[in-house]
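Residue numbers for the sequence shown follow the working numbering, beginning at 2 and rising by one.
Built from N, CA and C at the ideal position, the CB exists for glycine as well.
Notes follow the structure.
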Amino acid sequence: MPLITGKVGGSPANQIFGIGAGTTIVGLIVFMVTRPAVNATAFLFAIVCGALWTIGQIGQFISFKRIGVSNTYPLSTVFQLVGNSILGVLIFGDWQGTQSKIIGVIALIIVIAGALLTSVSDEKAGKITFKDAMFLLCTTVGYWIYSSFPNIPIIKAQSGTSVFLPEMMGILIGAIIFGLFTDRQSFKQREQYLNIIAGLLWGIAALSYIYSAQANGNTSAFIWTQLSVIIATFGGITVLHEHKSRREMIFTIAGIALIVVGSVATSFA
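As C-alpha coordinates, this is what we get:
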(Lines of atoms letter the chains of each structure in order from A and count residues from 1; the text may use other names and numbers.)
(Lines give C-alpha, C1' and ligand atoms only; values in the text may rest on other atoms or scores of the structure.)
Protein backbone atom coordinates (compact mmCIF):
# COMPACT_ATOMS: atom_id res chain seq x y z
CA MET A 1 0.00 0.00 0.00
CA PRO A 2 2.66 2.64 0.87
CA LEU A 3 4.55 1.77 -2.31
CA ILE A 4 1.48 2.34 -4.49
CA THR A 5 0.49 5.59 -2.75
CA GLY A 6 4.12 6.67 -3.09
CA LYS A 7 4.05 6.01 -6.83
CA VAL A 8 0.64 7.60 -7.40
CA GLY A 9 1.56 10.59 -5.26
CA GLY A 10 -0.83 13.30 -4.17
CA SER A 11 -1.42 14.92 -0.79
CA PRO A 12 -2.15 13.02 2.44
CA ALA A 13 -5.82 13.97 1.87
CA ASN A 14 -5.70 12.28 -1.58
CA GLN A 15 -4.04 9.19 -0.17
CA ILE A 16 -6.26 8.65 2.87
CA PHE A 17 -9.39 9.15 0.76
CA GLY A 18 -8.15 6.51 -1.70
CA ILE A 19 -7.59 4.08 1.17
CA GLY A 20 -11.04 4.80 2.65
CA ALA A 21 -12.87 4.46 -0.67
CA GLY A 22 -11.01 1.31 -1.70
CA THR A 23 -11.51 -0.44 1.62
CA THR A 24 -15.20 0.44 1.65
CA ILE A 25 -15.61 -1.17 -1.78
CA VAL A 26 -13.99 -4.35 -0.43
CA GLY A 27 -16.21 -4.13 2.66
CA LEU A 28 -19.38 -3.87 0.56
CA ILE A 29 -18.38 -6.90 -1.52
CA VAL A 30 -17.65 -8.94 1.62
CA PHE A 31 -20.96 -7.87 3.17
CA MET A 32 -22.96 -8.86 0.07
CA VAL A 33 -21.23 -12.25 -0.12
CA THR A 34 -21.30 -13.22 3.58
CA ARG A 35 -24.50 -11.42 4.70
CA PRO A 36 -23.34 -11.24 8.34
CA ALA A 37 -25.55 -10.21 11.25
CA VAL A 38 -24.37 -7.36 13.50
CA ASN A 39 -26.15 -5.40 16.23
CA ALA A 40 -26.50 -1.63 15.96
CA THR A 41 -24.19 -0.82 18.90
CA ALA A 42 -21.31 -2.88 17.51
CA PHE A 43 -21.93 -1.39 14.05
CA LEU A 44 -21.59 2.19 15.33
CA PHE A 45 -18.63 1.30 17.52
CA ALA A 46 -16.86 -0.21 14.51
CA ILE A 47 -17.42 2.97 12.49
CA VAL A 48 -15.82 5.06 15.26
CA CYS A 49 -12.80 2.74 15.52
CA GLY A 50 -12.34 2.83 11.75
CA ALA A 51 -12.43 6.63 11.80
CA LEU A 52 -9.81 6.69 14.56
CA TRP A 53 -7.59 4.43 12.45
CA THR A 54 -7.33 7.25 9.92
CA ILE A 55 -5.38 9.28 12.50
CA GLY A 56 -2.61 6.71 12.46
CA GLN A 57 -2.64 6.37 8.69
CA ILE A 58 -2.64 10.12 8.06
CA GLY A 59 0.36 10.33 10.39
CA GLN A 60 2.10 7.74 8.24
CA PHE A 61 1.30 9.51 4.97
CA ILE A 62 2.62 12.83 6.27
CA SER A 63 5.73 11.07 7.62
CA PHE A 64 6.30 9.33 4.26
CA LYS A 65 6.70 12.79 2.73
CA ARG A 66 8.84 14.12 5.57
CA ILE A 67 11.28 11.26 6.12
CA GLY A 68 10.45 8.67 3.45
CA VAL A 69 8.76 5.25 3.51
CA SER A 70 11.97 3.38 4.37
CA ASN A 71 12.43 5.52 7.51
CA THR A 72 8.78 5.83 8.54
CA TYR A 73 7.70 2.20 8.39
CA PRO A 74 10.28 0.68 10.79
CA LEU A 75 9.65 3.46 13.33
CA SER A 76 5.88 3.10 13.00
CA THR A 77 6.18 -0.67 13.41
CA VAL A 78 8.06 -0.20 16.68
CA PHE A 79 5.54 2.31 18.03
CA GLN A 80 2.68 -0.05 17.16
CA LEU A 81 4.30 -3.15 18.65
CA VAL A 82 5.38 -1.45 21.86
CA GLY A 83 2.11 0.42 22.33
CA ASN A 84 -0.13 -2.57 21.62
CA SER A 85 1.98 -4.82 23.83
CA ILE A 86 1.73 -2.38 26.76
CA LEU A 87 -2.04 -2.05 26.28
CA GLY A 88 -2.31 -5.83 26.05
CA VAL A 89 -0.49 -6.29 29.36
CA LEU A 90 -2.16 -3.46 31.29
CA ILE A 91 -5.74 -3.78 30.01
CA PHE A 92 -6.29 -7.16 28.37
CA GLY A 93 -4.14 -9.40 30.60
CA ASP A 94 -1.57 -10.51 28.00
CA TRP A 95 1.84 -11.91 29.01
CA GLN A 96 0.62 -13.49 32.23
CA GLY A 97 3.38 -14.74 34.48
CA THR A 98 6.92 -13.51 35.17
CA GLN A 99 8.54 -15.54 32.40
CA SER A 100 6.19 -14.18 29.74
CA LYS A 101 6.77 -10.60 30.87
CA ILE A 102 10.57 -11.07 30.77
CA ILE A 103 10.44 -12.54 27.27
CA GLY A 104 8.10 -9.77 26.12
CA VAL A 105 10.25 -6.95 27.51
CA ILE A 106 13.44 -8.40 26.00
CA ALA A 107 11.70 -8.79 22.64
CA LEU A 108 10.53 -5.17 22.69
CA ILE A 109 14.04 -3.97 23.56
CA ILE A 110 15.33 -5.88 20.51
CA VAL A 111 12.66 -4.22 18.35
CA ILE A 112 13.55 -0.75 19.64
CA ALA A 113 17.25 -1.40 18.98
CA GLY A 114 16.36 -2.40 15.44
CA ALA A 115 14.42 0.83 14.89
CA LEU A 116 17.35 2.90 16.13
CA LEU A 117 19.64 1.18 13.62
CA THR A 118 17.27 1.84 10.71
CA SER A 119 17.21 5.55 11.59
CA VAL A 120 21.00 5.96 11.16
CA SER A 121 21.71 8.53 8.43
CA ASP A 122 24.92 9.96 6.96
CA GLU A 123 23.23 13.14 5.84
CA LYS A 124 21.80 15.75 8.15
CA ALA A 125 18.80 16.23 5.85
CA GLY A 126 17.95 12.54 6.00
CA LYS A 127 18.00 12.19 9.77
CA ILE A 128 14.82 11.54 11.73
CA THR A 129 14.37 14.46 14.11
CA PHE A 130 12.79 14.27 17.56
CA LYS A 131 9.88 16.29 16.17
CA ASP A 132 9.33 13.75 13.35
CA ALA A 133 9.40 10.85 15.81
CA MET A 134 7.01 12.51 18.26
CA PHE A 135 4.55 13.38 15.48
CA LEU A 136 4.50 9.75 14.33
CA LEU A 137 4.17 8.51 17.92
CA CYS A 138 1.19 10.78 18.69
CA THR A 139 -0.69 9.78 15.53
CA THR A 140 0.03 6.09 16.19
CA VAL A 141 -2.50 6.32 19.04
CA GLY A 142 -5.16 5.85 16.35
CA TYR A 143 -3.59 2.51 15.41
CA TRP A 144 -3.48 1.41 19.07
CA ILE A 145 -7.22 1.98 19.45
CA TYR A 146 -8.00 0.16 16.20
CA SER A 147 -5.77 -2.81 17.08
CA SER A 148 -7.32 -3.12 20.56
CA PHE A 149 -10.77 -3.06 19.01
CA PRO A 150 -11.18 -6.88 18.58
CA ASN A 151 -10.53 -7.42 22.31
CA ILE A 152 -13.51 -5.33 23.42
CA PRO A 153 -16.32 -7.61 24.73
CA ILE A 154 -19.09 -6.14 22.55
CA ILE A 155 -16.95 -6.81 19.46
CA LYS A 156 -15.78 -10.24 20.59
CA ALA A 157 -19.42 -11.33 20.48
CA GLN A 158 -19.55 -10.48 16.75
CA SER A 159 -17.95 -12.35 13.87
CA GLY A 160 -14.96 -10.69 12.21
CA THR A 161 -16.78 -10.20 8.92
CA SER A 162 -19.82 -8.62 10.59
CA VAL A 163 -17.85 -5.55 11.73
CA PHE A 164 -15.61 -5.38 8.66
CA LEU A 165 -17.89 -3.13 6.56
CA PRO A 166 -18.58 -0.56 9.31
CA GLU A 167 -14.83 -0.41 10.09
CA MET A 168 -14.09 0.37 6.45
CA MET A 169 -16.94 2.90 6.32
CA GLY A 170 -15.40 4.57 9.37
CA ILE A 171 -12.10 4.92 7.52
CA LEU A 172 -13.88 6.58 4.58
CA ILE A 173 -15.81 8.92 6.90
CA GLY A 174 -12.60 9.88 8.70
CA ALA A 175 -10.89 10.50 5.34
CA ILE A 176 -13.73 12.73 4.09
CA ILE A 177 -13.70 14.77 7.32
CA PHE A 178 -9.92 15.21 7.04
CA GLY A 179 -10.22 16.33 3.43
CA LEU A 180 -13.02 18.81 4.16
CA PHE A 181 -11.06 20.47 6.96
CA THR A 182 -7.58 20.47 5.39
CA ASP A 183 -7.79 20.36 1.58
CA ARG A 184 -11.18 20.71 -0.10
CA GLN A 185 -9.53 20.93 -3.52
CA SER A 186 -8.36 17.34 -3.08
CA PHE A 187 -11.79 16.03 -4.12
CA LYS A 188 -11.22 17.46 -7.61
CA GLN A 189 -7.75 15.97 -8.05
CA ARG A 190 -6.91 12.88 -10.13
CA GLU A 191 -4.66 11.38 -7.42
CA GLN A 192 -7.64 11.29 -5.06
CA TYR A 193 -9.19 8.50 -7.11
CA LEU A 194 -6.07 6.74 -8.40
CA ASN A 195 -5.17 6.01 -4.76
CA ILE A 196 -8.30 3.84 -4.55
CA ILE A 197 -6.12 1.08 -6.06
CA ALA A 198 -4.01 1.12 -2.88
CA GLY A 199 -7.22 1.12 -0.83
CA LEU A 200 -8.49 -2.01 -2.56
CA LEU A 201 -5.27 -3.83 -1.74
CA TRP A 202 -5.29 -2.64 1.87
CA GLY A 203 -8.90 -3.78 2.18
CA ILE A 204 -7.91 -7.28 1.07
CA ALA A 205 -5.07 -7.24 3.61
CA ALA A 206 -7.44 -6.12 6.38
CA LEU A 207 -9.85 -8.93 5.50
CA SER A 208 -6.98 -11.44 5.55
CA TYR A 209 -6.04 -10.18 9.01
CA ILE A 210 -9.55 -10.99 10.28
CA TYR A 211 -9.28 -14.60 9.14
CA SER A 212 -5.73 -14.85 10.51
CA ALA A 213 -6.89 -13.50 13.89
CA GLN A 214 -9.64 -16.12 13.99
CA ALA A 215 -7.17 -18.91 13.23
CA ASN A 216 -4.13 -17.72 15.21
CA GLY A 217 -5.43 -15.22 17.78
CA ASN A 218 -5.35 -11.41 17.65
CA THR A 219 -1.90 -11.00 19.19
CA SER A 220 -0.10 -13.44 16.89
CA ALA A 221 -1.95 -12.16 13.82
CA PHE A 222 -1.00 -8.55 14.61
CA ILE A 223 2.65 -9.42 15.17
CA TRP A 224 2.94 -11.26 11.86
CA THR A 225 1.33 -8.39 9.94
CA GLN A 226 4.10 -6.12 11.19
CA LEU A 227 6.63 -8.14 9.20
CA SER A 228 5.37 -6.15 6.21
CA VAL A 229 8.08 -3.73 7.38
CA ILE A 230 10.48 -5.77 5.22
CA ILE A 231 8.50 -5.10 2.03
CA ALA A 232 7.80 -1.45 2.86
CA THR A 233 11.39 -0.59 3.83
CA PHE A 234 13.21 -2.24 0.96
CA GLY A 235 10.38 -1.36 -1.43
CA GLY A 236 10.87 2.29 -0.50
CA ILE A 237 14.55 1.98 -1.39
CA THR A 238 14.17 0.00 -4.64
CA VAL A 239 10.75 1.05 -5.98
CA LEU A 240 10.55 4.64 -4.72
CA HIS A 241 14.34 5.15 -5.07
CA GLU A 242 14.88 6.50 -1.56
CA HIS A 243 18.65 6.85 -1.40
CA LYS A 244 20.76 5.18 1.27
CA SER A 245 24.54 5.02 1.40
CA ARG A 246 26.38 1.72 1.85
CA ARG A 247 26.77 2.41 5.58
CA GLU A 248 23.07 3.32 5.94
CA MET A 249 22.08 0.12 4.10
CA ILE A 250 24.15 -2.01 6.47
CA PHE A 251 22.48 -0.40 9.50
CA THR A 252 19.05 -0.67 7.85
CA ILE A 253 19.45 -4.39 7.10
CA ALA A 254 20.71 -5.05 10.63
CA GLY A 255 17.85 -3.00 12.08
CA ILE A 256 15.18 -4.81 10.05
CA ALA A 257 16.66 -8.16 11.11
CA LEU A 258 16.35 -7.15 14.78
CA ILE A 259 12.78 -5.89 14.27
CA VAL A 260 11.83 -9.22 12.70
CA VAL A 261 13.51 -11.24 15.48
CA GLY A 262 11.96 -9.09 18.20
CA SER A 263 8.52 -9.20 16.56
CA VAL A 264 8.54 -12.98 16.34
CA ALA A 265 9.90 -13.28 19.89
CA THR A 266 6.92 -11.39 21.32
CA SER A 267 4.69 -14.25 20.16
CA PHE A 268 6.45 -16.51 22.69
CA ALA A 269 5.66 -14.19 25.59
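Counting only the Cα atoms, residue 113 lies some 17 angstroms from residue 229. Close CB contacts of residue 160 within its chain, under the 7 angstroms cut and outside five residues either way in sequence, are with 37 (chain order). For residue 8, the three-state secondary structure derived from DSSP is helix. Between the alpha carbons of residue 244 and residue 119 lies a gap of roughly 13 angstroms.
Apart from the 5 residues on each side of it in sequence, residue 39 sits with its Cβ closer than 7 angstroms to the Cβ of 159, 163, 164 in its chain, given in chain order.
Apart from sequence neighbours up to five positions away, the residues of its chain that approach residue 150 with a beta-carbon distance below 7 angstroms are 50, 156, ordered along the chain. Residue burial annotation: residue 216 is exposed, with fewer than 16 other C-beta atoms found within 10 angstroms of its C-beta. Approximately 29 angstroms separates the beta-carbon atoms of residue 187 and residue 227; this is outside 8 angstroms, ruling out the contact. Secondary structure of residue 73 (DSSP, three-state): helix.
Membership of residue 49 in the alpha helix (DSSP H) is indicated by the continuous run 41–68.
Around the CB of residue 250, fewer than 16 other CB atoms lie within 10 Å, so the residue is classed as exposed.
Counting along the chain, residue 183 sits inside the alpha helix (DSSP H) bounded by residues 165–183. Sequence-distant partners of residue 207 (beyond 5 residues in either direction) whose C-beta falls short of 8 angstroms from its own C-beta, in its chain, are 24, 27, 165, 168, 169.
For residue 162, there is no enclosing alpha helix (DSSP H), since its DSSP letter is neither H nor E. Remark: fewer than three beta-carbon pairs, one from each stretch, lie closer than 8 angstroms, so the stretch 65–75 and the stretch 194–207 are not flagged as touching.
Residue burial annotation: residue 33 is exposed, with fewer than 16 other C-beta atoms found within 10 angstroms of its C-beta.
Collapsing the DSSP output to three states places residue 269 in coil.
Note on geometry: alpha-carbon atoms of residue 246 and residue 235 lie some 13 angstroms from one another.
The straight-line gap separating the alpha-carbon atoms of residue 141 and residue 35 is approximately 31 angstroms.
The DSSP assignment places complete alpha helix (DSSP H) segments of no fewer than 4 residues inside the stretch 86–157 at 99–119, 131–140, 142–149, 154–157, in order along the chain.
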